[in-house]
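In structure tokens:
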């Protein structure tokens, strides 16, 4: 009797269980704030040195959009962003206007990377926590399959 290879567990697209660290809101707010600061300084330089006063109303509109973006977007992003690692897959949900859901079977995970920019280091954050890296690495080593 030949034994057929065991069927891989069926992965279903579902909502992941975990939210990101609450400090991510501060990181996103700082990123957005730095972006908008550069834009508003550039607009201010144009207004001061070239005096195209017809740009005052659009500049005020840009400033309002910047304030709303910095105040609201990180909270919405935090509420929407979810992740989860199970024995068979990594689940991620992102997106504020357009929802993006991803499922990565552990048998397909080839690398686990972390990234920490200066703001993330200051906030003690990374794109993947050290504990999660260790868990994913152990899970991928224990998962059968050639990850191809």
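In full-length UniProt numbering, the protein residues as written are 1 to 148. Note that beta-carbon positions come from the ideal geometry of N, C-alpha and C, so glycine has one too. Please read all numbers here as calculations on a predicted model, not as lab measurements.
| Does the count of Cβ pairs from the stretch 89 to 96 and the stretch 67 to 80 closer than 8 Å reach three? | yes
| said: Using a Cβ distance threshold of 8 Å, determine whether the stretch 64 to 78 contacts the stretch 36 to 46, with at least three qualifying pairs required. | reply: yes
| task | Give the secondary structure of residue 59 by DSSP, where H, G and I count as helix, E and B as strand, and everything else as coil. | result | Here residue 59 refers to the residue found at position 59 when the chain shown is read from its first residue. Three-state result, residue 59: helix.
| Span of the alpha helix (DSSP H), counted from its first residue to its last, around residue 94 | Sequence index remark: in the chain shown, residue 94 carries index 94 (1-based). From DSSP, residue 94 is part of no alpha helix (DSSP H) but of the beta strand (DSSP E) over 89 to 94.
| said: By the three-class DSSP mapping on this structure, what secondary structure does residue 31 have? | reply: Along the chain shown, one-based indexing puts residue 31 at 31. In the structure shown, residue 31 sits in a helix (DSSP, three-state: H, G or I).
| Alpha carbon to alpha carbon, what distance is there between residue 135 and residue 55? | Within the chain shown, numbered from 1, the residue matching residue 55 stands at position 55. Within the chain shown, numbered from 1, the residue matching residue 135 stands at position 135. Answer to the nearest angstrom: the Cα atoms are 53 Å apart.
| field | Given residue 62 as reference, the closest of 101, 41, 105 and 88 once Cα atoms are compared | value | Looking up residue 62 in the chain shown gives position 62. The candidate whose alpha carbon is nearest that of residue 62 is 41.
| field | Euclidean distance between Cα positions of residue 138 and residue 30 | value | As a first step, residue 138 must be located in the chain shown, where it is residue number 138. As a first step, residue 30 must be located in the chain shown, where it is residue number 30. So the two alpha carbons sit approximately 34 Å from each other.
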